[in-house]
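K.L.:
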Amino acid sequence: MKYITVEDMGKITLATLKTDNPLNPLNIEILREIGEAVSNSRNVVVLNSEGRAFSAGADIKNFTKMNANMAHRFASEGHDIMNGIASADVPVIAAIHGYALGGGFELALACDFRVSTPDAKLALPEITLGILPGFGGTQRLKAIAGEGRALELVSTGRTFTGQEAKEMGIVNRISTDHMEEAMELAEELSEKPPLSLKYAKALIRAPPDEFYEDEKEKFGVLFESKDSKEGFDAFLNKRKPKFKGE
Ligand code: COA
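Those letters in the sequence shown? Residues 21 to 266, per the working numbering, in order.
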């Protein structure tokens with residue numbers, strides 16, 4: 021694998037993301053590798069990353085080259101990979117530091133448990149780009165945090181800390197040593213009977229509701245808007261976007 025290092029630590033698999041950019045923007049190749057690392061593991065997986073971020077989200081540079089069809093395909097494959105993680109037989113723990121934004125946060129939401137540093141910065145900021153989350157984030161955040169919070173966080177794109185995420189129940193545990201905490205949780209889970217863990221996950225993590233399919237359709241449609249072009253250009257040129265509702 022090019023972007024993921026997989027370490028077999030006996031009862032725990034440590035999967036570490038590292039890309040050329042220390043903010044770890046995600047493309048489909050990286051997501052495929054993460055999906056593969058999870059599906060190949062028969063142990064509890066701890067997914068973490070090197071650099072300044074768990075991940076700052078989907079690669080916005082690639083967005084400028086996508087039309088609506090390409091965006092829909094991108095979201096569809098992203099959905100499949102996230103579903104693969106959410107329905108894997110083994111528990112998957114996201115160990116978050118730095119930033120977990122957009123697709124990076126959606127990846128953490130697809131995992132079963134989230135352990136974070138208190139000062140990590142989390143958000144679904146897609147609305148600030150003129151689009152919306154496209155990897156299941158709208159539905160998973162709603163399931164984890166409730167409708168009111170999900171609607172607020174998706175509609176404002178507001179960034180919140182790991183500490184706030186813990187208070188909202190979005191993150192399970194926080195620690196300044198997030199890796200130690202994540203490994204402790206992984207150890208605890210690795211002592212449990214695997215079949216019971218597998219069934220607990222299958223029973224509690226109900227499949228996303230009917231709007232899950234809608235999400236990838238809408239993600240594609242938003243790429244046809246002038247506002248999304250404006251959002252991508254504004255981010256890449258480090259300026260404030262001017263949305264016109266077109
Ligand atoms: N996709 C592509 N490139 C990204 C990126 C992303 N999601 N996030 C950051 N980068 C790039 C920046 O364009 C910049 O590139 P440059 O050096 O060529 O200018 C580089 O990474 C460093 O980012 P910068 O914004 O200068 O760092 P910062 O420390 O000031 O801010 C963030 C860090 C994470 C707050 C900021 O980069 C950010 O908001 N990123 C986008 C988050 C987002 O909207 N994600 C959702 C995508 S759907």
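All residues carry an ideal CB built from backbone N, CA and C; glycine is no exception.
Compute the minimum distance between the beta carbon of Ala-76 and the heavy atoms of the ligand COA, and state whether it is under 7 Å.
P.N.:
Start at 1 with the first residue of the sequence shown, and residue 76 comes out as number 56. Within the cutoff, so yes.
K.L.:
How many angstroms separate the CA atom of Gly-189 from the CA atom of Phe-74?
P.N.:
The residue labelled residue 189 in the question sits at position 169 within the sequence shown. The residue labelled residue 74 in the question sits at position 54 within the sequence shown. Their backbone Cα atoms lie some 19 Å apart in a straight line.
K.L.:
Along the chain, where does the beta strand (DSSP E) that runs through Asn-270 open and close?
P.N.:
There is no way to answer for residue 270, as the model of the chain reaches only from 21 to 266.
K.L.:
Is Ile-50 closer than 8 Å to Thr-39 when the C-beta atoms are compared?
P.N.:
Here residue 39 corresponds to residue number 19 of the sequence shown, with the count starting at 1. Here residue 50 corresponds to residue number 30 of the sequence shown, with the count starting at 1. Result yes, Cβ atoms of Thr-39 and Ile-50 sit closer than 8 Å.
K.L.:
Just to confirm, is the Cβ distance from His-92 to Val-135 under 8 Å?
P.N.:
Here residue 92 is taken as the residue at index 72 of the sequence shown, counted from 1. Here residue 135 is taken as the residue at index 115 of the sequence shown, counted from 1. Contact: no.
K.L.:
Could you give the first and the last residue of the continuous alpha helix (DSSP H) run that contains Ser-175?
P.N.:
Within the sequence shown, the letter at position 155 stands for residue 175. Unbroken alpha helix (DSSP H) run through Ser-175: 167 to 176.
K.L.:
Over what stretch of residues does the alpha helix (DSSP H) that includes Ile-151 continue unbroken?
P.N.:
Your numbering for residue 151 matches position 131 in the sequence shown. That residue, Ile-151, is in no alpha helix (DSSP H); it is neither H nor E in DSSP.
K.L.:
Please tell me whether Phe-252 and Ile-80 are closer than 8 Å, where the distance is taken between their beta carbons.
P.N.:
The residue given as residue 252 occupies position 232 in the sequence shown. The residue given as residue 80 occupies position 60 in the sequence shown. In this structure, Ile-80 lies closer than 8 Å to Phe-252 by Cβ.
K.L.:
DSSP on Leu-142, reduced to helix/strand/coil?
P.N.:
The count along the sequence shown starts at 1 and reaches residue 142 at position 122. If DSSP states are grouped into helix, strand and coil, Leu-142 belongs with the strands.
K.L.:
Enumerate in chain order the residues of its own chain whose CB-to-CB distance from Pro-227 is below 6 Å, with the five nearest sequence positions on each side excluded.
P.N.:
Residue mapping note: residue 227 aligns to position 207 of the sequence shown, counting from 1. Around Pro-227: no qualifying Cβ.
K.L.:
Count Cβ pairs between the stretch 97 to 113 and the stretch 241 to 260 that sit closer than 8 Å; are there 3 or more?
P.N.:
no
K.L.:
Label Leu-34 either buried or exposed according to how many other C-beta atoms from any shown protein chain fall within 10 Å of its C-beta, with 16 as the threshold for buried.
P.N.:
Residue mapping note: residue 34 aligns to position 14 of the sequence shown, counting from 1. Per the 10 Å Cβ criterion, buried.
K.L.:
Using the Cα positions of Ala-222 and Lys-262, report the straight-line distance between them to the nearest angstrom.
P.N.:
Within the sequence shown, numbered from 1, the residue matching residue 222 stands at position 202. Within the sequence shown, numbered from 1, the residue matching residue 262 stands at position 242. One C-alpha to the other measures close to 44 Å.
K.L.:
Work out the CA separation of Gly-240 and Asp-247 for me, nearest whole Å.
P.N.:
Taking the sequence shown and counting its residues from 1, one reaches residue 247 at position 227. Taking the sequence shown and counting its residues from 1, one reaches residue 240 at position 220. Whole-angstrom Cα-Cα distance: 13 Å.
K.L.:
Could you give the distance in angstroms between the alpha-carbon of Glu-208 and the alpha-carbon of Asn-192?
P.N.:
The sequence position of residue 208 within the sequence shown is 188, counting from 1. The sequence position of residue 192 within the sequence shown is 172, counting from 1. Those two C-alpha atoms are separated by around 14 Å.
K.L.:
Between which residues of its own chain and Ser-195 is the CB-CB distance below 6 Å, once the five residues before and five after are set aside?
P.N.:
What you label residue 195 is simply residue 175 of the sequence shown in a count that begins at 1. Counting only Cβ-Cβ distances below 6 Å, and skipping sequence neighbours, we find Glu-201.
K.L.:
Here's the rule I'm using: 16 or more other beta-carbon atoms within 10 Å means buried, otherwise exposed. How should Phe-231 be labelled?
P.N.:
Within the sequence shown, numbered from 1, the residue matching residue 231 stands at position 211. Phe-231 should be labelled exposed.
K.L.:
Grouping DSSP H, G and I as helix and E and B as strand, with all else coil, what is Ala-88?
P.N.:
Taking the first residue of the sequence shown as 1, we reach residue 88 at position 68. Helix.
K.L.:
Based on Cα-Cα distance, which residue from Arg-62, Gln-159 and Lys-85 lies nearest to Glu-244?
P.N.:
Here residue 244 corresponds to residue number 224 of the sequence shown, with the count starting at 1. Here the closest residue by C-alpha is Lys-85.
K.L.:
What span of residues does the beta strand (DSSP E) with Ala-120 cover, start to end?
P.N.:
In the sequence shown, residue 120 corresponds to position 100, counting from 1. Element bounds for Ala-120: 119 to 121.
K.L.:
Mapping DSSP to helix, strand and coil, what is Arg-52?
P.N.:
Here the question's residue 52 lines up with position 32 in the sequence shown. Here Arg-52 sits in helix by DSSP.
K.L.:
Any heavy atom of the ligand COA closer than 7 Å to the CB of Gly-98?
P.N.:
Along the sequence shown, read from residue 1 onward, the residue named residue 98 stands at position 78. Flag unset: Cβ of Gly-98 not near the ligand COA.
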